[in-house]
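**Student:** For the sequence shown, the working numbering gives the first residue as 7, with consecutive numbering after it.
A virtual CB, placed ideally from N, CA and C, is assigned to each residue, including glycine.
Below is a structure I'd like to ask you about.
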Amino acid sequence: KVAIFWEPEPKNERPRVLTYYELYREVNKFANVLKKLGVKKGDRVTIYLPLIPEAQISMLACARIGAIHSVVFSAFSSEALKTRILDAEPKVLITADGYYRKGRVISLKEKADKALEEVKVKKVVVVKRAGNKVSWTRGRDLWWHELMKNTKDYCKPAEMKSEDTLFILYTSGTIGKPKGV
């Protein structure tokens, strides 16, 4: 059965369909990727992705290993991303090279790089979505598709308590500093 049916922009691209089993395997693979990057139970991961299946895969992979994820809306500015990174102190940032919005390519990696000028994140995982040219920091920036190659498609789930944190959701910050809940 279909778990995710993703319709892309631009419309001339093929829709992407993931069955529950395919989603399960992708989640397990990315959970193993996160573990290879040093993410452990209780660590934080910031997800700054457009509306692509890798966003859901990232969230579920974090849950699988007990990492705490924080999703930052891709239309938010680099300053908004920076504020949330400073607060959450993630080990890893997951972003994309870019994405399409009303026919234009929005360079998401560029906004992420600007946010990272003043904050430290050990690793940045980049999904190749728009195929636009991006700047690259050796040793920090890594391509999603390269990390997923030859990665085992099973990751034992972390044992969690019902009180353990699953994610951090930030208030909008329209009237002051965003607060993590």
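Starting from the N-terminal side, write out each stretch of the beta strand (DSSP E) that is 3 residues or longer and does not extend beyond the stretch 39-116.
**Tutor:** Runs found: 50-53, 74-77, 98-102, 105-107 and 110-112.
**Student:** Just to confirm my understanding: we take ASP159, look at its own chain, exclude 5 residues before and 5 after, and list those with CB closer than 6 Å. What are they?
**Tutor:** Taking the sequence shown and counting its residues from 1, one reaches residue 159 at position 153. Same-chain partners within the cutoff: ARG31, ASN34 and LYS35.
**Student:** Where does VAL132 fall in DSSP's three states?
**Tutor:** Working through the sequence shown from its first residue, we reach residue 132 at position 126. Strand at VAL132.
**Student:** Applying the 10 Å Cβ sphere with the 16-neighbour rule, what's the burial state of ARG90?
**Tutor:** The residue labelled residue 90 in the question sits at position 84 within the sequence shown. Buried, because 16 or more other Cβ atoms sit within 10 Å of the Cβ of ARG90.
**Student:** Out of MET65, LYS129 and LEU55, point me to the one whose CA is closest to LYS117's CA.
**Tutor:** Taking the first residue of the sequence shown as 1, we reach residue 117 at position 111. Ranking MET65, LYS129 and LEU55 by Cα distance to LYS117 puts LEU55 first.
**Student:** By the DSSP assignment, the beta strand (DSSP E) with LEU153 in it spans what residues?
**Tutor:** The sequence position of residue 153 within the sequence shown is 147, counting from 1. Taken as a continuous stretch (DSSP letters only), LEU153 belongs to no beta strand (DSSP E), being part of the alpha helix (DSSP H) at 150-154.
**Student:** Reducing DSSP to helix, strand and coil, say where ARG22 ends up.
**Tutor:** Translated into the one-based positions of the sequence shown, residue 22 becomes position 16. Looking at ARG22 - three-state DSSP - the assignment turns out to be strand.
**Student:** Going by beta carbon distance, what residues of the same chain come within less than 8 Å of ARG70, once the five residues before and after it are set aside?
**Tutor:** Stepping through the sequence shown from its first residue, residue 70 is reached at position 64. Correct list, in chain order: VAL33, ASN34, ALA37, CYS161, PRO163 and ALA164.
**Student:** Would you report the Cα separation of VAL78 and GLU60, rounded to the nearest angstrom?
**Tutor:** Position 72 of the sequence shown, counted from the first residue, corresponds to residue 78. Position 54 of the sequence shown, counted from the first residue, corresponds to residue 60. Near 14 Å, if we compare the C-alpha coordinates of GLU60 and VAL78.
**Student:** Secondary structure at TYR227, three-state DSSP: helix, strand or coil?
**Tutor:** Residue coverage of the chain in this structure runs from 7 to 187, which leaves residue 227 outside it and unanswerable.
**Student:** Span of the beta strand (DSSP E) holding ILE10?
**Tutor:** Looking up residue 10 in the sequence shown gives position 4. Run containing ILE10: 8-12, per the beta strand (DSSP E) assignment.
**Student:** Using a 10 Å radius around the Cβ and a threshold of 16 neighbouring Cβ atoms, would you call ARG146 buried or exposed?
**Tutor:** The residue labelled residue 146 in the question sits at position 140 within the sequence shown. Looking at its Cβ environment, which holds fewer than 16 other Cβ atoms inside 10 Å, ARG146 is exposed.
**Student:** Looking at the structure shown, is ASP119 part of a helix, part of a strand, or coil, going by DSSP?
**Tutor:** Along the sequence shown, one-based indexing puts residue 119 at 113. Looking at ASP119 - three-state DSSP - the assignment turns out to be helix.
**Student:** What are the residues that DSSP puts in a beta bridge with ASP159?
**Tutor:** Mapped onto the sequence shown, residue 159 falls at position 153. None; ASP159 has no bridge partner.
**Student:** Under 8 Å, Cβ to Cβ, is there at least one residue of chain C near LYS115?
**Tutor:** Among the protein chains of the structure shown there is no chain C, as only one such chain exists.
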